[in-house]
Amino acid sequence: MSLGLEWKKIKRTGFLPGFLAGGIVAAAVPVLNMAFRSERYLGLGESPVKILLDANWQMMAMLNLLLWVLGGCILYHTEYADNAIQRMCTLPLKESRLFFGKFALLGVMCAAVLAIEAVGIGFCACYWFGMTEEAGTALLGCFGYALVLSLPTGAAALLIASLCKNMWISLGIGVICVFTATMLPTGNFGWALFPFALPFQTVTGASEAAILIIAAVAESGALTAAELVILRVRRSFT
Amino acid sequence: MSFLSLVGIEFQKIRRSKILLLLLAAVIILWLPSILNVQMNFQMQAEGIAPEYNFFIQGFMGMTWFMFPGSMVVATVLLTQTERSNHGILKMLALPVSTCKLCLAKFAVLLALAAVQVLMTVGMYCLSAAIVTRTQNYPFLLPLPFAFKEAGLLFLSALPMLAVYWLLAVWIQTPVFSIGIGLALIVPSVLMINTRFWFLYPFSYPFFVTVAEYGRLAANLTTAQVEWIPWLPVAFCITILCLVIACLRFGQAERR
Chain G
123 MSLGLEWKKI KRTGFLPGFL AGGIVAAAVP VLNMAFRSER YLGLGESPVK
173 ILLDANWQMM AMLNLLLWVL GGCILYHTEY ADNAIQRMCT LPLKESRLFF
223 GKFALLGVMC AAVLAIEAVG IGFCACYWFG MTEEAGTALL GCFGYALVLS
273 LPTGAAALLI ASLCKNMWIS LGIGVICVFT ATMLPTGNFG WALFPFALPF
323 QTVTGASEAA ILIIAAVAES GALTAAELVI LRVRRSFT
Chain C
1306 MSFLSLVGIE FQKIRRSKIL LLLLAAVIIL WLPSILNVQM NFQMQAEGIA
1356 PEYNFFIQGF MGMTWFMFPG SMVVATVLLT QTERSNHGIL KMLALPVSTC
1406 KLCLAKFAVL LALAAVQVLM TVGMYCLSAA IVTRTQNYPF LLPLPFAFKE
1456 AGLLFLSALP MLAVYWLLAV WIQTPVFSIG IGLALIVPSV LMINTRFWFL
1506 YPFSYPFFVT VAEYGRLAAN LTTAQVEWIP WLPVAFCITI LCLVIACLRF
1556 GQAERR
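From first to last, the protein sequence lines are chains G and C.
The numbering used here runs 122 ahead of the 1-based position in the first sequence.
The numbering used here runs 1305 ahead of the 1-based position in the second sequence.
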């Protein structure tokens, strides 16, 4: 019921078309890149999905990150803008239901955006590289992995947004976090675990990927737990 | 009401917004990695740039690439949302003040916030350069007139970008689209500065100016340099056009 309610709330916020447009823009990145300079990538001798992700993923992940941060801000802005949250708090529901509903919605939208991007990469792999069966499975694996790594970012964005009444503060903190993620040194495994840096990672090795997946799930859990604690503390002081 | 008093009122409105804190936090995060990775400045023989200049320019490139435009998008959100919550804009539009003036007063506040962040960057540069001078026993602090000249140039080159952001914030009522478009337009600026048509893309101006300076400072590196002739007229037209449309559109949605 929670997810359905959240779905209704976003109706006139432009959330849905915004996310779809963001997904299409990100999916256009590899297509345009291949259309303009395909000679640079053809004949590299690696699997097409890997070549395409290496060439385009940084920019696509950046767009995704900004989309997750913006999504988190908007989902809570609808509550705070006209004090709707006060009505939500008087309902015989736990306040955390709101967070879980929004998190589920953001997760569904992340999956939709990543699916659009997967179609973009898949199209490039088909058209320019002559995709095989294996590439299809690789694509599915990569984007499933990207979805899991996006969850902590979504949870962190929602956590920040749920704490700040004013949208510019939550957006400002989100933008600063994204900026921090871009400033972190690449190649250092420890820094990659920062929730806003995780979506930049692509599959490198099986063991490393497994650790990152476990870390992503653990971080999402920890951020959710933090939200529950903060809600309880805030409730007892206001 | 004079324009200056209008600007003063706009400043009062954002007094408790904590925006300066956000701008400062971004600037601190910008310079921290530079302080921690200061050794890298001594390994730039391939580019042929002196360590102190490299320290300066790398920080400013980090700023102009994402932090500065991103912060300015946040500032436009602040300026529009403070009015829209509790319908403050309706009361403002009922005043016998020209809407054009109100719009420009808000834009002046945006310019002031941009200037504050640029100054903060210079201030934090001085602080971090002083720190690494102590830790590395090497004079990292450049002459201040040079730092201020670069910062001033950066600010001036950001004016068209700020005008476009202001237009987006005023024209597009749905925050998802105005913020989303603003943030998404930053991302391709890395690609745009490498094309011949960079001067058509206002979001890449500050970054282009900084990268051009990098090319001048590094002996073995050639980057595209500023060509005033197509750039200045184009930038001027973009700024004026955006401001005129913003003035015309200001408050239109509420007046319907």
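Cβ coordinates follow ideal geometry from the N, Cα and C atoms, glycine included.
Keep in mind it's a predicted model, so treat the numbers as computed, not measured.
Review point. Straight-line CA distance for Ala-268(G) to Asn-178(G)?
Key: Locating residue 268(G) in the first sequence gives position 146, where the first residue counts as 1. Locating residue 178(G) in the first sequence gives position 56, where the first residue counts as 1. Their backbone Cα atoms lie some 14 Å apart in a straight line.
Review point. Which whole runs of the alpha helix (DSSP H) in the stretch 137-176 of chain G are 4 residues long or more, in chain order?
Key: Taken in chain order, the whole alpha helix (DSSP H) runs of length 4 or more contained in the stretch 137-176 of chain G are 137-159.
Review point. Going by C-alpha distance, which of Leu-1526(C), Glu-1518(C) and Gly-1487(C) is nearest Leu-189(G)?
Key: Counting from one through the first sequence, the residue named residue 189(G) turns up at place 67. Comparing Cα positions, the closest option is Gly-1487(C).
Practice item. Could you name each continuous beta strand (DSSP E) segment of 3 residues or more that falls completely within the stretch 174-208 of chain G, going from the start of the chain to the end? Key: Listed in chain order, there is nothing to give.
Practice item. Provide the residue span of the alpha helix (DSSP H) that contains Ile-1319(C), from first to last. Key: For the purposes of this step, residue 1319(C) is taken as the residue at position 14 of the second sequence. Neither: Ile-1319(C) is in no alpha helix (DSSP H) and is coded neither H nor E.
Review point. Using the beta-carbon of each residue, which ones in chain G are nearer than 8 Å to Gln-1586(C)?
Key: No answer is possible for residue 1586(C): the residues shown for chain C start at 1306 and end at 1561.
Review point. Near Ile-1477(C), which residues of its chain fall below 6 Å by C-beta distance, leaving aside the five closest residues on each side in sequence?
Key: Your numbering for residue 1477(C) matches position 172 in the second sequence. Apart from the 5 residues on each side of it in sequence, Ile-1477(C) sits with its Cβ closer than 6 Å to the Cβ of Ser-1483 in its chain, given in chain order.
Review point. When Cβ atoms are compared, which residues of the stretch 1529-1552 of chain C fall closer than 9 Å to chain G?
Key: Taking 9 Å as the Cβ-Cβ cut-off, the stretch 1529-1552 of chain C has no residue approaching chain G.
Check your understanding: Less than 7 Å separating the beta-carbons of Gly-193(G) and Leu-138(G)?
Key -> For the purposes of this step, residue 193(G) is identified with residue 71 of the first sequence, where counting begins at 1. For the purposes of this step, residue 138(G) is identified with residue 16 of the first sequence, where counting begins at 1. Not in contact: Gly-193(G) and Leu-138(G) (Cβ atoms no closer than 7 Å).
Exercise for review: Take Leu-1473(C) as the anchor and find which of Leu-1335(C), Phe-1316(C) and Leu-1553(C) has the nearest alpha-carbon.
Suggested key: Residue 1473(C) sits at position 168 when you count from the first residue of the second sequence. Answer by Cα proximity: Leu-1553(C).
Exercise for review: List the endpoints of the continuous alpha helix (DSSP H) containing Thr-1369(C).
Suggested key: For this step, residue 1369(C) is matched to residue 64 along the second sequence. Counting along the chain, Thr-1369(C) sits inside no alpha helix (DSSP H), nor does DSSP assign it H or E at all.
Review point. Hey, quick one: how far does the alpha helix (DSSP H) through Leu-220(G) stretch, first residue to last?
Key: Counted from its first residue, the first sequence places residue 220(G) at position 98. It spans 217-251 - the alpha helix (DSSP H) in which Leu-220(G) sits, taken as one unbroken run.
Practice item. Indicate the three-state DSSP secondary structure (helix, strand or coil) for Met-1349(C) in the structure shown. Key: Counted from its first residue, the second sequence places residue 1349(C) at position 44. Note: Met-1349(C) maps to coil in three-state DSSP.
Practice item. Using alpha carbons as the reference points, say which of Lys-287(G), Pro-317(G), Gly-296(G) and Ala-344(G) lies closest to Asn-205(G). Key: Within the first sequence, residue 205(G) is the residue found at index 83, counting from 1. Cα-wise, what sits closest to Asn-205(G) is Lys-287(G).
Practice item. Kindly provide the ranges of any alpha helix (DSSP H) runs that are 4 or more residues long and lie completely inside the stretch 269-345 of chain G, ordered along the chain. Key: Entirely contained in the stretch 269-345 of chain G, the alpha helix (DSSP H) runs reaching 4 residues are, in chain order, 289-305.
**Study point:** Span of the alpha helix (DSSP H) around Thr-1515(C)
**Key:** Translated into the one-based positions of the second sequence, residue 1515(C) becomes position 210. Its alpha helix (DSSP H) spans residues 1510-1522.
Check your understanding: Can you tell which of Leu-1548(C), Ala-1355(C) and Cys-1405(C) has the C-alpha that lies nearest to the C-alpha of Met-1306(C)?
Key -> For the purposes of this step, residue 1306(C) is taken as residue 1 along the second sequence, with counting starting at 1. Looking at the Cα atoms, Cys-1405(C) is the closest of the given residues.
Check your understanding: Can you name the start and end residues of the alpha helix (DSSP H) that Thr-1440(C) belongs to?
Key -> Sequence index remark: in the second sequence, residue 1440(C) carries index 135 (1-based). Taken as a continuous stretch (DSSP letters only), the alpha helix (DSSP H) holding Thr-1440(C) covers 1404-1441.
Check your understanding: Where does Lys-133(G) fall in DSSP's three states?
Key -> Here residue 133(G) refers to the residue found at position 11 of the first sequence. It is coil, neither helix nor strand.
Point to revise | Check whether Gly-1485(C) and Gly-140(G) have beta carbons under 7 Å apart | key: The residue labelled residue 1485(C) in the question sits at position 180 within the second sequence. The residue labelled residue 140(G) in the question sits at position 18 within the first sequence. Yes, Cβ-Cβ distance for Gly-1485(C) and Gly-140(G) is below 7 Å.
**Study point:** C-alpha distance - Leu-1446(C) paired with Phe-1373(C), whole-angstrom precision
**Key:** Within the second sequence, the letter at position 141 stands for residue 1446(C). Within the second sequence, the letter at position 68 stands for residue 1373(C). Whole-angstrom Cα-Cα distance: 22 Å.
Check your understanding: Would Phe-224(G) be called buried (16 or more neighbouring beta carbons within 10 Å of its own) or exposed?
Key -> Against the first sequence, residue 224(G) aligns to sequence position 102. The sequence given here has Lys at residue 224(G), not Phe. Buried: at least 16 other Cβ atoms inside 10 Å.
Review point. Roughly how many whole angstroms lie between the Cα atoms of Gln-1317(C) and Thr-324(G)?
Key: Taking the first residue of the second sequence as position 1, residue 1317(C) is located at position 12. Taking the first residue of the first sequence as position 1, residue 324(G) is located at position 202. Those two C-alpha atoms are separated by around 47 Å.
Check your understanding: Thinking C-beta only, is Ser-1322(C) closer than 7 Å to Leu-1383(C)?
Key -> Along the second sequence, read from residue 1 onward, the residue named residue 1383(C) stands at position 78. Along the second sequence, read from residue 1 onward, the residue named residue 1322(C) stands at position 17. It is a contact, given that the beta carbons lie within the stated cut-off.
Point to revise | Met-1397(C) - DSSP class collapsed to helix/strand/coil | key: As a working note, residue 1397(C) is residue 92 in the second sequence. Per DSSP, reduced to three states, the secondary structure at Met-1397(C) is helical.
Review point. Any idea what DSSP makes of Gly-1556(C), helix, strand or coil?
Key: Mapped onto the second sequence, residue 1556(C) falls at position 251. Coil, per DSSP.
Practice item. In angstroms with no decimal places, state the Cα-to-Cα distance between Thr-1479(C) and Phe-1453(C). Key: Counted from its first residue, the second sequence places residue 1479(C) at position 174. Counted from its first residue, the second sequence places residue 1453(C) at position 148. Answer to the nearest angstrom: the Cα atoms are 38 Å apart.
Review point. Comparing alpha-carbon positions, which option in Tyr-202(G), Met-305(G) and Cys-211(G) lies nearest Asn-1568(C)?
Key: This structure cannot settle anything about residue 1568(C), because the visible part of chain C is limited to 1306 through 1561.
**Study point:** Cutoff 8 Å; reference Leu-271(G); Cβ partners in own chain excluding five residues on either side
**Key:** Counted from its first residue, the first sequence places residue 271(G) at position 149. The residues Leu-320, Pro-321, Gln-323, Leu-334, Ile-335 and Ala-338, in chain order, have a CB closer than 8 Å to that of Leu-271(G) in the same chain once the five nearest residues on each side in sequence are set aside.
Practice item. Flag Ile-1334(C) as yes if its beta-carbon sits less than 7 Å from any beta-carbon of chain G, otherwise no. Key: Along the second sequence, one-based indexing puts residue 1334(C) at 29. Yes, Ile-1334(C) counts as interfacial toward chain G.
Review point. DSSP three-state call for Thr-1387(C): helix, strand or coil?
Key: Within the second sequence, residue 1387(C) is the residue found at index 82, counting from 1. Residue state, collapsed to three classes: helix.
**Study point:** Neighbourhood of Cys-246(G) by C-beta distance below 7 Å, restricted to the same chain and skipping five residues each side
**Key:** Against the first sequence, residue 246(G) aligns to sequence position 124. Leaving aside the five residues that flank Cys-246(G) on each side, the residues in its chain whose CB is nearer than 7 Å to its CB run, in chain order, Pro-152, Val-153, Met-156 and Leu-174.
Point to revise | Reference Ile-238(G); option with closest CA among Gly-165(G), Val-297(G), Leu-125(G) and Asn-186(G) | key: Within the first sequence, numbered from 1, the residue matching residue 238(G) stands at position 116. Of the listed residues, the one whose Cα sits closest to Ile-238(G) is Asn-186(G).
**Study point:** Selection from Asn-1525(C), Val-1423(C), Ala-1468(C) and Arg-1389(C) that minimises the alpha carbon distance to Leu-1458(C)
**Key:** What you label residue 1458(C) is simply residue 153 of the second sequence in a count that begins at 1. Looking at the Cα atoms, Val-1423(C) is the closest of the given residues.
Exercise for review: Could you pull out every residue in the same chain whose Cβ sits closer than 7 Å to the Cβ of Tyr-1443(C), ignoring the five residues on either side in sequence?
Suggested key: For the purposes of this step, residue 1443(C) is identified with residue 138 of the second sequence, where counting begins at 1. Exclusion of the five residues before and after Tyr-1443(C) leaves Pro-1356 as the residues of its chain whose Cβ lies within less than 7 Å of its Cβ.
**Study point:** Separation of Trp-1533(C) from Tyr-1358(C), as counted between CA atoms
**Key:** Sequence index remark: in the second sequence, residue 1358(C) carries index 53 (1-based). Sequence index remark: in the second sequence, residue 1533(C) carries index 228 (1-based). Straight across, the Cα-Cα distance linking Tyr-1358(C) with Trp-1533(C) is about 24 Å.
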